[in-house]
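All remarks here apply to the structure that follows.
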Amino acid sequence: DGKTGMEHDAVFAKAEAETKEKVKALLGPEAFAKYQEYSEQMASYITAEQFKSMLPGSEKEAKDEKARQLYELMEEEKKRALAVQGLPNDHQLIPTLNFRNIASEQEAEKSLQLLDGIYEQVYSRAGSFLTPEELEKFMEFRKLAVNNNRVALTLNRKLMAPRATPP
Numbered sequence: 046d047g048k049t050g051m052e053h054d055a056v057f058a059k060a061e062a063e064t065k066e067k068v069k070a071l072l073g074p075e076a077f078a079k080y081q082e083y084s085e086q087m088a089s090y091i092t093a094e095q096f097k098s099m100l101p102g103s104e105k106e107a108k109d110e111k112a113r114q115l116y117e118l119m120e121e122e123k124k125r126a127l128a129v130q131g132l133p134n135d136h137q138l139i140p141t142l143n144f145r146n147i148a149s150e151q152e153a154e155k156s157l158q159l160l161d162g163i164y165e166q167v168y169s170r171a172g173s174f175l176t177p178e179e180l181e182k183f184m185e186f187r188k189l190a191v192n193n194n195r196v197a198l199t200l201n202r203k204l205m206a207p208r209a210t211p212p
């Protein structure tokens, strides 16, 4: 409510740090490390698994191999994009799971552009293992993924917005 970008950052940074400490205390150091790894790789994993279902054909091994290659490429491009943007490795790339994006339309748009940019780089490099038809399917996936996140963020923002008090 009426906070500047810097004030938002401070509020979210404090809340994120507190949440991390609570989760670490709950899980313990080993399980927390696995949780962090899972969280950091979630966007790549979900992308690969969801796209795998769009691949034509029925040969499971071939689809699994392409999904593995897509996952690895997503991880490479994610790391590169986060470094370029000066963001930490644990930055949540799934826009609907990053609460800053619900609080701020500007942050949401930056997050959506970051994800879309990663998908663009993956697309430009995936021709080494995806056919032209599969690359076209990846472009469909990219548009759908970004649009679905945009719609979900808008809905969440409306549902969580403070209600105006009647006069």
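46 is the number of the first residue of the sequence shown in the working numbering; add one for each residue after it. In this text, a Cβ means the ideal position worked out from N, Cα and C, and glycines have one as well.
- Counting only the Cα atoms, Y80 lies some 26 Å from S149.
- A126 places its beta carbon 8 Å or farther from that of P140.
- A straight-line Cα-Cα distance of about 10 Å links Y116 and D109.
- In this chain, the alpha helix (DSSP H) harbouring G162 covers 150-170.
- Going by C-alpha positions, R170 is about 40 Å away from A206.
- Only residues of its own chain outside the window of five on either side were considered, and among them I139 have a CB closer than 8 Å to the CB of I91, listed in chain order.
- Listed in chain order, the non-local C-beta contacts of L72 below 7 Å within the same chain comprise Y80, local neighbours out to five positions each way being set aside.
- The Cβ atoms of Q137 and S84 lie closer than 8 Å to each other.
- Excluding the 5 residues flanking it on each side, M119 has same chain C-beta neighbours closer than 8 Å at A88, S89, T92, A93, I163, V167, in chain order.
- Nearest to N146 by alpha-carbon distance, out of K105, E178, N194, is N194.
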